[in-house]
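Notes follow once the structure below has been shown.
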Amino acid sequence: MATAPKETNKAAQEVLLRVENVTKVYDGTVKAVDDVSLTVMKGEIFALLGGSGCGKSTLLRMMAGFETPTKGKIFLANQDITNLPPFQRPINMMFQSYALFPHLSVWENVAFGLKRDGMPKDEIADRVEKMLSLAQLNKYAKRKPHQLSGGQQQRVALVRSLAKRPQLLLLDEPLGALDKKLRETTQLELVNIIEEVGVTCVLVTHDQEEAMTMASRIAVMSEGYFLQVGAPDAVYEMPNSRKVADFIGNVNIFEGKIEEDEPDHVTVRCPECIHYVGHGVSGHPGMDVGVALRPEKIMLSKDKPNSDYNWCAGEVIEIVYFGAHTTYHLKLDSGKVIKAQELNNTRDLSCGLTWGDRAYASWNNLAMVVLTQ
Amino acid sequence: MAKTQSFFTSLSAGRLAVIGVPYFWFLLLAAIPLLIVLKISLSEMESTSISNMIDWSHGWPRLTLNFASYQFLATDSLYIKTYLSSIKYALITTLLCLAIGYPFAYYMARSPKHMQPTLLMLIMLPFWTSFLLRIYAWKTLLVSNGVINNILMSLHIIDTPIEMMNNSFSLLLGMVYSYLPFMILPLYANLSKMDMRYLEAASDLGTSPFKAFWLITVPLSKAGIIAGSMLVFIPAVGEYVIPELLGGSSTLMIGRVLWDEFFSNNDWPMASAVAVVMILLILVPMGVYNKAQAEQMEGK
């Protein structure tokens, strides 16, 4: 299937973390993680993405050592760490909602791990100073965690987990506790700090935007196993299943049957329209497939397109204005509702469509993905 | 408009009533009696009665203060010795309760959720029997021909009975036994609320479970330790029944001196002075501590 260009580069690099056929069963029956294997390269930021209860946190907690796998092994730099307790692993974690020690100052929180290692006092002071300036927190060193804002707490938590220079950094919903505006700026800060230190990261999130902007590779998880692993653009543009397409971003899925199956193109007949896909697909005529089409790849117009393929018509039933773009909900003649996103590239709200208008949606023959699963 | 206003005035009246009840209660049953005690301690023995506490004979109220009782308190070494001895026994009781109660509360808080109500019930079980009865029960266990000595002697472990009654051993045993629940309950309430992620974070940063207990669990349960210690220490200082029944004459406790002054000597001013000093002895360190806590919370 589709391979992202980034992956081939990474193959030449050193493997840092290897998870081999790991399964975690709770209470004898509930499979939280189901036979998962993955490798994380040195220097990579790897995201585990999925909804709540998909097993991503359990997998992360097994990497940290808080849970032991029921089956399978975990290797760090070729050393088996499956049964190593957390306090003996060269791995540090930034906890969801941070778990900063409330009775210790910012300085003491950051120094906590270093003191446990028996590092000399002046070295600890040096390292803590460096860490605090990395996160621009020097003037808050004496404060207690509850005297800091959410964003500051988040940065303390990050540098606390970085202070010991771990081989692997685990991030559990690192931005989950922040509001939307703060998330955007903090996201960049976080990536900058991580890149400055050059640590390998595994990140758990339910937020696809967070995963896409921060990670170099994403694993989309559902019900304990990986649906797809790949670079953000690969997962977004070439989802391998309806579940992935649906989970990452907005998508319209047309159900239909393959009609023509040629090496250079495929046509799929759906109740709403005929899709002409400009590349080959591994399938056969008569096969049931889904055609995934992202809203931003659809063009809307009042005029009927001059083509036999790749368009459909419907009534505008909803207009959602986002500022930068507007999403139109189009009720097709078959009753199916699709979403189309139009960029507001002028200030007079572009295509002039309004509620109840009949509109034609059309798209490029490379805009869609044929899903066989 | 008028309607909403009347709604709010009636609301604030209702609020006042609700807040007023505990204040009224406190005033009637704590503040006024305390003031009376304070006044009695500053009177002469002859003039002591509630009716002539304030002298109206000159047409306006006049308070006559008499510090004789306090002077006597400061000069007679018996009182000072007794205060020190009371504080010593209360402190030892508190420390023993903490040493026994903390592991107990820790175990309860870490037990499976469905077990916790049962364990809590077991802690409270002794309260179903009268406090006095339980102290008497200890007496029958501890005396020379009591249950424990009889068993040990019939098993030929000892030849002569062990002296366990009317000494500091029996006193401390009774005090620790009686006050242990007051240590365990606040500690349990505190420990069961503790966020386990702090321990995970400590472990993640390289702390062994034993060290994490001392570095994280104990400091985070400080509020519970203090609450439990106060609940044990304060009543233990003034304890009367346990020293009277188990302590014998060799153990000096201020509660018994207080009883003697009131009911044997009938010296109310002296007894009140003893009580006032006892309250001050407890209140002053508490106040200093509270102030320090408040300042720490403000992050100074």
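Order-wise, the sequence lines are chains L and Z. Numbering follows our numbering, in which position 198 of the first sequence is assigned residue number 181; successive positions increment by one, without gaps. With the second sequence counted from 1, adding 21 to any position gets you our numbering. Cβ coordinates follow ideal geometry from the N, Cα and C atoms, glycine included. Quick caveat: nothing in here was measured; it's all calculated off a predicted structure.
Return the residue from the list the options that minimises the CA-CA distance to residue i.
i	options	result
Z:ALA294	Z:ALA158, Z:ILE255, Z:VAL278, Z:PRO240	Z:VAL278
L:GLU172	L:GLN119, L:LEU151, L:THR183, L:SER224	L:GLN119
L:ASN235	L:LYS164, L:MET351, L:GLY33	L:MET351
L:GLY266	L:VAL187, L:ASN289, L:LEU354, L:THR188	L:LEU354
L:ASP340	L:PRO246, L:GLU298, L:ALA198, L:ASN61	L:GLU298
Z:LEU193	Z:SER106, Z:SER285, Z:LEU94	Z:SER106
L:TYR81	L:MET45, L:PRO69, L:LEU141, L:PRO288	L:LEU141
L:GLN137	L:LEU161, L:LEU152, L:THR51	L:LEU161
L:ALA15	L:ASN233, L:GLY33, L:GLY38, L:GLU(-3)	L:GLY38
Z:CYS118	Z:PHE231, Z:MET196, Z:ASN311	Z:MET196
L:PRO288	L:VAL274, L:TYR343, L:VAL212, L:VAL13	L:TYR343
Z:LEU206	Z:THR181, Z:GLU260, Z:MET145	Z:MET145
L:ASP216	L:MET204, L:MET114, L:SER205, L:ALA194	L:ALA194
L:LYS25	L:PHE70, L:ASP244, L:SER116, L:GLN150	L:GLN150
L:ASP316	L:HIS129, L:CYS253, L:VAL139	L:CYS253
L:GLY121	L:SER132, L:VAL139, L:ILE107, L:GLU106	The question names Gly, but residue 121 of chain L in the sequence shown is Asn. With distances taken between Cα atoms, L:ASN121 lies closest to L:VAL139.
L:PRO278	L:THR309, L:LYS56, L:VAL251	L:THR309
With a threshold of 16 other CB atoms inside 10 Å of the CB of residue i, please say whether the residue is buried or exposed.
i	result
L:PRO157	buried
Z:GLY41	exposed
Z:ARG36	exposed
Z:GLN314	exposed
L:THR41	buried
Z:ILE263	buried
Z:ASP225	buried
Z:PHE284	exposed
L:SER35	exposed
Z:LYS102	exposed
L:GLU179	exposed
L:PHE305	exposed
L:GLY269	exposed
L:SER144	buried
Z:SER270	exposed
Z:HIS135	exposed
Z:GLU142	For the record, residue 142 of chain Z in the displayed sequence is Met; it is not Glu. That one is exposed.
L:MET46	buried
L:ASN233	exposed
L:TYR9	exposed
Z:MET307	exposed
L:GLN191	buried
Please return the same chain residues whose Cβ sits closer than 7 Å to the Cβ of residue i, not counting the five positions on each side in sequence.
i	result
L:ARG110	LEU97, ALA146
L:VAL23	LEU(-1), LEU0, PHE29, THR183, VAL185
L:ASP155	SER40, LEU43, MET76, MET77, PHE78, GLN79, VAL187
Z:LEU153	VAL262
Looking at the strands, I want to know which residues DSSP matches up with residue i.
i	result
L:TRP294	L:SER345
L:SER224	DSSP, once it has assigned bridges, lists no residue as partnering L:SER224.
L:THR188	L:LEU32
L:GLY213	L:ILE201
L:GLN324	L:THR310
L:ARG252	L:LYS240, L:ILE257
L:GLY386	Residue 386 of chain L lies beyond the stretch modelled for chain L, which goes from -16 to 356, so this question has no answer here.
Z:SER98	For Z:SER98, which the question treats as bridged, DSSP gives no partner whatsoever.
L:ASP109	According to DSSP, L:ASP109 bridges with nothing at all.
L:ASN75	L:LEU152
L:ARG1	L:THR22, L:PHE58
Z:LEU226	For Z:LEU226, which the question treats as bridged, DSSP gives no partner whatsoever.
L:THR183	L:LEU151
L:THR6	L:LYS54
L:TYR208	L:SER205
L:SER284	L:TYR343
L:ASP229	None; L:ASP229 has no bridge partner.
Please work out which residues of its chain come closer than 6 Å, Cβ to Cβ, to residue i, disregarding the five sequence neighbours upstream and downstream, and give them in chain order.
i	result
L:LYS54	THR6
Z:PHE203	LEU252, VAL253
Z:LEU63	LEU86, ASN87
Z:THR115	SER250, VAL253, PHE254
L:MET114	VAL93, VAL142, ALA146
What does a CB cutoff of less than 8 Å around residue i pick up in its chain, not counting 5 residues either side in sequence?
i	result
Z:ILE172	none
L:ASP100	LYS147
Z:SER151	none
| Positions along the stretch 212 to 228 of chain Z whose CB lies within less than 8 Å of some CB in chain L | ASP216, ARG218, TYR219, GLU221, ALA222, ALA223, SER224, ASP225, LEU226, GLY227, THR228
Using a Cβ-Cβ cutoff of 9 Å, what residues of the stretch 230 to 241 of chain Z are near chain L? List them in chain order. PRO230, LYS232, ALA233, LEU236, ILE237, PRO240, LEU241
- Query: What residues in the stretch 60 to 87 of chain L have a beta carbon less than 9 Å from any beta carbon of chain Z?
  - Reply: PRO68, PRO69, PHE70, GLN71, ARG72, ILE74, ASN75, MET76, PHE78, GLN79, SER80, TYR81, ALA82, LEU83, PHE84, PRO85, HIS86, LEU87
Please name the residues in the stretch 37 to 53 of chain L whose beta-carbon is closer than 7 Å to at least one beta-carbon of chain Z, in chain order. ALA47, PHE49
Checklist line | Contact list for the stretch 99 to 125 of chain L against chain Z, Cβ threshold 9 Å | finding: ARG99, ASP100, LYS125
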